[in-house]
Amino acid sequence: MEGQGLTASQGTASQGTAPQGTGIAAAAWEGALASGRLALAHELSGASRTMLRLACEHAVTRVQFGSPIGAFQAVRHRLAESLVAVESTEAAAGAAIEEGGEVSALAAGMAKALAGRNARTVARHCQQVLAGVGFTDEHDFHRYFRRVLTLDGLLGDSRTLTRELGERLLRDRRLPPPPPL
Numbered sequence: 047m048e049g050q051g052l053t054a055s056q057g058t059a060s061q062g063t064a065p066q067g068t069g070i071a072a073a074a075w076e077g078a079l080a081s082g083r084l085a086l087a088h089e090l091s092g093a094s095r096t097m098l099r100l101a102c103e104h105a106v107t108r109v110q111f112g113s114p115i116g117a118f119q120a121v122r123h124r125l126a127e128s129l130v131a132v133e134s135t136e137a138a139a140g141a142a143i144e145e146g147g148e149v150s151a152l153a154a155g156m157a158k159a160l161a162g163r164n165a166r167t168v169a170r171h172c173q174q175v176l177a178g179v180g181f182t183d184e185h186d187f188h189r190y191f192r193r194v195l196t197l198d199g200l201l202g203d204s205r206t207l208t209r210e211l212g213e214r215l216l217r218d219r220r221l222p223p224p225p226p227l
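See the structure below:
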């Protein structure tokens with residue numbers, strides 16, 4: 047990459063910071079970063095949906111006070127909020143791909159930020175529904191919980207991305223086009 051005016055130390059892939067420079071290498075980096083963030087958004091979405099499925103199965107089978115815990119309003123609200131989070135993540139990730147199959151860098155960053163935040167919300171709610179069994183090695187939930195925590199930190203965590211994208215929108219004073227209906 048040095049032949050194109052960039053050195054490896056100018057960009058930090060794990061944090062998703064773009065290397066300094068112009069030309070083909072910088073454009074390639076932006077495209078790769080957008081694709082990576084979109085892939086992570088989809089991965090977080092899948093992990094979130096799986097955590098929700100595990101919690102729903104538990105809510106149906108676990109009986110407390112003579113009825114399944116899924117019959118209790120507090121449990122239902124947590125699962126409903128988790129479903130909304132999963133669906134909005136999937137919608138944002140789907141909207142990041144433009145008509146020609148290109149990945150919008152801004153929309154991919156927004157999808158990754160939303161996916162990270164929503165995945166943490168889903169993990170927190172599902173852990174409450176699963177209670178102690180979610181912490182055990184015998185249950186699969188802990189794998190997805192750890193995966194969400196790891197994936198959120200790759201290529202920019204949800205808080206950092208939200209701040210950076212907000213600053214970018216304020217600086218450019220231009221919103222991305224809405225996704226097609």
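For the sequence shown, the positions run 47 to 227 when the numbering used here is used. Note that CB positions come from ideal geometry on N, CA and C, so glycine has one too.
With Val168 and Met97 assumed to form a contact (beta carbons below 8 Å), what rounded beta-carbon distance in angstroms separates them?
Here Val168 really is in contact with Met97; their C-beta atoms are around 6 Å apart, less than 8 Å.
Within the continuous alpha helix (DSSP H) that includes His185, where are the two ends?
Note, His185: premise wrong, no alpha helix (DSSP H); not H, not E.
Where His104 falls, given that 16 or more other Cβ within 10 Å makes a residue buried:
Sixteen is the threshold: when 16 or more other Cβ atoms of the shown chains lie within 10 Å of the Cβ of His104, as they do, the residue is buried.
Out of Ala153, Leu221 and Arg220, state which residue places its alpha-carbon closest to the alpha-carbon of Leu207.
Its Cα nearest to that of Leu207, the residue Ala153 stands out among Ala153, Leu221 and Arg220.
Return the CA-CA distance between Leu221 and Ser150, expressed in angstroms with no decimal places.
So the two alpha carbons sit approximately 12 Å from each other.
Rounded C-beta distance between Cys172 and Ser204? I'm assuming under 8 Å.
Distance from Cys172 to Ser204 at the Cβ level is roughly 18 Å; contact not present, criterion being Cβ atoms closer than 8 Å.
Residue environment, Ala137, which counts as buried when at least 16 other CB atoms sit within 10 Å
Of the other Cβ atoms in all chains shown, fewer than 16 fall within 10 Å of the Cβ of Ala137; this residue is therefore exposed.
Drop a sphere of 10 angstroms on the beta-carbon of Thr182, count the other beta-carbons inside from all chains shown, and report buried for 16 or more, exposed for fewer.
With fewer than 16 Cβ atoms within 10 Å of its Cβ, Thr182 is classed as exposed.
Is it true that the CB of Val194 sits closer than 8 Å to the CB of Ala93?
A distance below 8 Å separates the beta carbons of Ala93 and Val194.
Applying the 10 Å Cβ sphere with the 16-neighbour rule, what's the burial state of Phe111?
It is exposed - the Cβ of Phe111 has fewer than 16 other Cβ atoms within 10 Å.
Consult DSSP for Gln56 and reduce its assignment to one of helix, strand or coil.
Residue placement at Gln56 is flagged as unreliable, the pLDDT there being 42, under the threshold of 50; the coordinate-derived value follows with that caveat. In the three-state reduction of the DSSP assignment, Gln56 falls in the helix class, which pools H, G and I.
Tell me Pro114's beta-bridge partners as DSSP assigns them.
Paired residue(s): Val109.
Arg193 beta carbon near the ligand MG (any heavy atom closer than 7 Å):
This structure lacks the ligand MG, and indeed carries no ligand of any kind.
Taking the CB atoms as reference points, tell me whether Thr135 and Ala80 lie closer together than 8 Å.
Their beta carbons are not under 8 Å apart, which means Thr135 does not touch Ala80 by this criterion.
So, under 8 Å CB-CB, Gly155 and Arg219 are touching, yes? Tell me the CB distance rounded to an integer number of Å.
Not really, about 17 Å apart at Cβ, beyond 8 Å.
Beta carbon of Asp198, beta carbon of Leu90: below 8 Å?
Cβ distance < 8 Å, so Asp198 and Leu90 count as in contact.
Residues that DSSP places opposite Ile143 in a beta bridge:
The partner list for Ile143 (beta bridge, DSSP) reads Val149.
So, helix, strand or coil for Leu201, using DSSP?
The three-state reading of DSSP puts Leu201 in coil, since its state is none of H, G, I, E or B.
Exposure of Arg189, with buried meaning 16 or more beta-carbon neighbours within 10 Å:
Exposed is the label assigned to Arg189, since fewer than 16 other Cβ atoms lie within 10 Å of its Cβ.
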